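J.: In this text, residue positions in the sequence shown follow our numbering: the first is 1049, and each later residue adds one.
Ideal placement from N, C-alpha and C gives every residue a C-beta, glycine not left out.
Source: prediction; values computed, not measured.
Structure in structure tokens, see below.
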Amino acid sequence: MSILSFPNRGPWGKSNWRGNASGYIYKSLYELLKPTHVVEVFSGSGTAGEVAKELNIPIVELDLHNGFDATSMSILEHVGHETDFCFGHPPYSQRIIRYSGHVWGDKEHPSDLSHIEDPDEFFDQLQQVLLNQREATRRGGIYGTLVGDTRKNGQYISMQAELIARMPQNELKSIMVKTQHNTVSGRTKNYGRMRFAPIEHEYVILWEKSGGKLHAALASVTLQNDRRVKGTWRSIVRQALINLGGSTKLQDLYAAVAKHAPQQNLTNNPNWQAKIRQVLQRYPTDFKNKERGTWALA
């Protein structure tokens, strides 16, 4: 069941609530995971809750429009105990659908994710929500989210890739692709001026809590991202040597990297030349010191 496709949203929840997901998504997840208790973050129209009640699964429904702010309030403390399955279908940033002051309420709420313009700030807040969900999940339980990628002003933003990178890699258990039906782009079919196909899919991402406190999970994320940074520097140095014919003096290698690296990267890392020397010495299977001050591909 890695591909989910439900053209109809079903009889659950409020059909006029913009952006709500098909109830069949929740029904499939409940039947797959068989939770004895569920917490739904961003409950919105109440779809997840109605499906759970139909299946006789106890559920706690949380949403900003009902007074619960998942970015600053403890889910675990609010519920009072850990849950088997803590799931959420968050709003998107960049005002794709604005909720507070539009779908509900008479003014914008300062914690409403749908009003965030900056993608980095949005992901910081959404990571906070996922960590909050993880804290409320029992060991061996599942926490997850339903998100889709976005494109604005020609920039493609991969929400699922960003969130996966921000959460413990060892806890990731499943990614399911959900087909979106009745989208605006799908209805118009006006692809003539588009270089790339419209986005008509979302992702269900599920993690299994492995145990351990929050600081251990954050340490795991820090280590995996540190490994990515080290791997990136290794690739940068290797490509620079390839461009220079496979062998060059260290000063020329510095110049080649500086020429192609974004200036802010070098400004933010004043020790970037030391980083290059460190990479050259750390990977003897990739690089060799031919003579003093000269390096080559191994």
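Note the first and the last residue of the continuous alpha helix (DSSP H) segment covering M1224.
T.: Position 176 of the sequence shown, counted from the first residue, corresponds to residue 1224. That residue, M1224, is in no alpha helix (DSSP H); its beta strand (DSSP E) goes 1220-1227.
J.: Can you look up L1292 in the DSSP assignment and give me helix, strand or coil?
T.: Indexing the sequence shown from 1 puts residue 1292 at position 244. Residue state, collapsed to three classes: coil.
J.: Looking at T1198 and Y1251, is the spacing between their C-beta atoms short of 8 Å?
T.: Here residue 1251 is taken as the residue at index 203 of the sequence shown, counted from 1. Here residue 1198 is taken as the residue at index 150 of the sequence shown, counted from 1. No. Outside cutoff.
J.: Return the chain-ordered ranges of every alpha helix (DSSP H) run that is complete within the segment 1053-1099 and spans a minimum of 4 residues.
T.: You should have 1071-1081.
J.: Would DSSP call T1280 helix, strand or coil?
T.: The residue given as residue 1280 occupies position 232 in the sequence shown. Three-state DSSP puts T1280 in a helix.
J.: Buried or exposed, going by whether 16 or more other CB atoms sit within 10 Å of the CB of T1193?
T.: For the purposes of this step, residue 1193 is identified with residue 145 of the sequence shown, where counting begins at 1. When all chains shown are included, T1193 counts as buried.
J.: Taking the alpha-carbon positions, what's the Q1272 to L1262 distance?
T.: By 1-based counting over the sequence shown, the position of residue 1272 is 224. By 1-based counting over the sequence shown, the position of residue 1262 is 214. In a straight line, the C-alpha of Q1272 is about 16 Å away from that of L1262.
J.: Span of the alpha helix (DSSP H) holding Y1302?
T.: Position 254 of the sequence shown holds residue 1302. Y1302 -> alpha helix (DSSP H) spans 1298-1308.
J.: Could you say which of V1177, L1254, N1056 lies nearest to Y1078 if we only look at CA atoms?
T.: Numbered from its first residue, the sequence shown carries residue 1078 at position 30. Nearest of V1177, L1254, N1056 to Y1078, Cα basis: L1254.
J.: State buried or exposed for D1172, treating a residue as buried only when at least 16 other CB atoms are found within 10 Å of its CB.
T.: By 1-based counting over the sequence shown, the position of residue 1172 is 124. The residue in question, D1172, is exposed, as its Cβ has fewer than 16 Cβ neighbours within 10 Å.
J.: DSSP puts I1190 in a beta bridge; with which residues?
T.: Taking the sequence shown and counting its residues from 1, one reaches residue 1190 at position 142. Beta-bridge pairing links I1190 to F1133, E1256.
J.: Looking only at its chain, what residues have a beta carbon closer than 7 Å to the beta carbon of Q1181, apart from the 5 residues adjacent to it on each side?
T.: Taking the first residue of the sequence shown as position 1, residue 1181 is located at position 133. Contacts found: V1089, I1123, C1134, G1136, Y1191.
J.: Taking DSSP's pairing of strands, which residues face V1204 in a bridge?
T.: For the purposes of this step, residue 1204 is taken as the residue at position 156 of the sequence shown. The question names Val, but residue 1204 is Tyr in the sequence shown. In the DSSP output, where bridge partners are listed per residue, Y1204 has R1199.
J.: D1160: buried (16+ other C-beta within 10 angstroms of its C-beta) or exposed?
T.: As a working note, residue 1160 is residue 112 in the sequence shown. Classification of D1160: buried, given that the 10 Å Cβ count is 16 or more.
J.: Let me see if you follow: with CB-CB separation under 8 Å, is G1058 close to chain C or not?
T.: Protein chains in the displayed structure number just one, and chain C is not present.
J.: Cα-Cα, which of F1116, T1227, A1303, K1226 is closest to V1177?
T.: What you label residue 1177 is simply residue 129 of the sequence shown in a count that begins at 1. Minimum Cα distance to V1177 is reached at F1116.
J.: With a 10 Å radius around its C-beta and 16 neighbouring C-beta atoms as the bar for buried, classify N1104 as buried or exposed.
T.: Start at 1 with the first residue of the sequence shown, and residue 1104 comes out as number 56. Exposed: under 16 other Cβ atoms inside 10 Å.
J.: Of the choices H1157, T1084, G1071, whose alpha-carbon is the least far from that of H1113?
T.: Numbered from its first residue, the sequence shown carries residue 1113 at position 65. Out of H1157, T1084, G1071, H1157 has the C-alpha closest to the C-alpha of H1113.
J.: Can you look up R1235 in the DSSP assignment and give me helix, strand or coil?
T.: For this step, residue 1235 is matched to residue 187 along the sequence shown. Residue placement at R1235 is flagged as unreliable, the pLDDT there being 48, under the threshold of 50; the coordinate-derived value follows with that caveat. Looking at R1235 - three-state DSSP - the assignment turns out to be helix.
J.: Count the other CB atoms within 10 Å of the CB of T1236; is the residue buried (16 or more) or exposed (fewer)?
T.: For the purposes of this step, residue 1236 is taken as the residue at position 188 of the sequence shown. Unreliable positioning characterises T1236 in this predicted model, as indicated by a pLDDT of 48, which lies under 50. The coordinate reading is nonetheless provided below. Looking at its Cβ environment, which holds fewer than 16 other Cβ atoms inside 10 Å, T1236 is exposed.
J.: List the whole-angstrom C-beta distance separating K1082 from G1188, where the pair is believed to meet the contact cut-off of C-beta under 8 Å.
T.: For the purposes of this step, residue 1082 is identified with residue 34 of the sequence shown, where counting begins at 1. For the purposes of this step, residue 1188 is identified with residue 140 of the sequence shown, where counting begins at 1. Rounded, the Cβ-Cβ distance is 13 Å, inconsistent with contact.
J.: Within 10 Å of its beta-carbon, does E1098 have 16 or more other beta-carbons around it, so buried, or fewer, so exposed?
T.: Taking the sequence shown and counting its residues from 1, the one referred to as residue 1098 is at position 50. Buried, since its Cβ has 16 or more Cβ neighbours within 10 Å.
J.: So V1151 is in the beta strand (DSSP E); what residue range does that whole segment cover?
T.: Position 103 of the sequence shown, counting from 1, holds the residue named residue 1151. Element bounds for V1151: n/a, residue is neither H nor E.
J.: Rounded to whole angstroms, what is the Cα-Cα separation between I1145 and R1276?
T.: Residue numbering aside, residue 1145 sits at position 97 when the sequence shown is read from its first letter. Residue numbering aside, residue 1276 sits at position 228 when the sequence shown is read from its first letter. Answer to the nearest angstrom: the Cα atoms are 33 Å apart.
J.: Measuring CB to CB, does L1052 end up less than 8 Å from T1227?
T.: Taking the sequence shown and counting its residues from 1, one reaches residue 1052 at position 4. Taking the sequence shown and counting its residues from 1, one reaches residue 1227 at position 179. A contact, by the Cβ cut-off of 8 Å.
J.: From G1071 to A1267, what distance separates their C-alpha atoms?
T.: Residue 1071 sits at position 23 when you count from the first residue of the sequence shown. Residue 1267 sits at position 219 when you count from the first residue of the sequence shown. Rounded to whole angstroms, G1071 to A1267 spans 36 Å at the Cα level.
J.: Does the beta-carbon of Q1299 have 16 or more other beta-carbons within 10 angstroms, so that it is buried, or is it exposed?
T.: Looking up residue 1299 in the sequence shown gives position 251. By the 10 Å Cβ count, Q1299 comes out exposed.
J.: Quick check: S1295 and T1342, are their CB atoms within less than 8 Å of each other?
T.: Indexing the sequence shown from 1 puts residue 1295 at position 247. Indexing the sequence shown from 1 puts residue 1342 at position 294. Yes; because the gap between Cβ atoms is below 8 Å, this pair is in contact.
J.: Could you tell me the boundaries of the alpha helix (DSSP H) in which N1180 lies?
T.: For the purposes of this step, residue 1180 is taken as residue 132 along the sequence shown, with counting starting at 1. Where N1180 is concerned, the enclosing alpha helix (DSSP H) stretches over 1167-1183.
J.: When we look at the beta-carbon of P1055 and count the other beta-carbons within 10 Å, is it buried (16 or more) or exposed?
T.: Working through the sequence shown from its first residue, we reach residue 1055 at position 7. Its Cβ having fewer than 16 others within 10 Å, P1055 is exposed.
J.: If contact is defined by three or more beta carbon pairs under 8 Å, each pair taking one atom from either stretch, is the segment 1281-1289 in contact with the segment 1207-1217?
T.: Judged by Cβ distances under 8 Å, the segment 1207-1217 makes no contact with the segment 1281-1289, as fewer than three pairs qualify.
J.: Which residue marks the beginning of the alpha helix (DSSP H) containing E1125, and which one marks its end?
T.: As a working note, residue 1125 is residue 77 in the sequence shown. Segment 1123-1127, the alpha helix (DSSP H) holding E1125.
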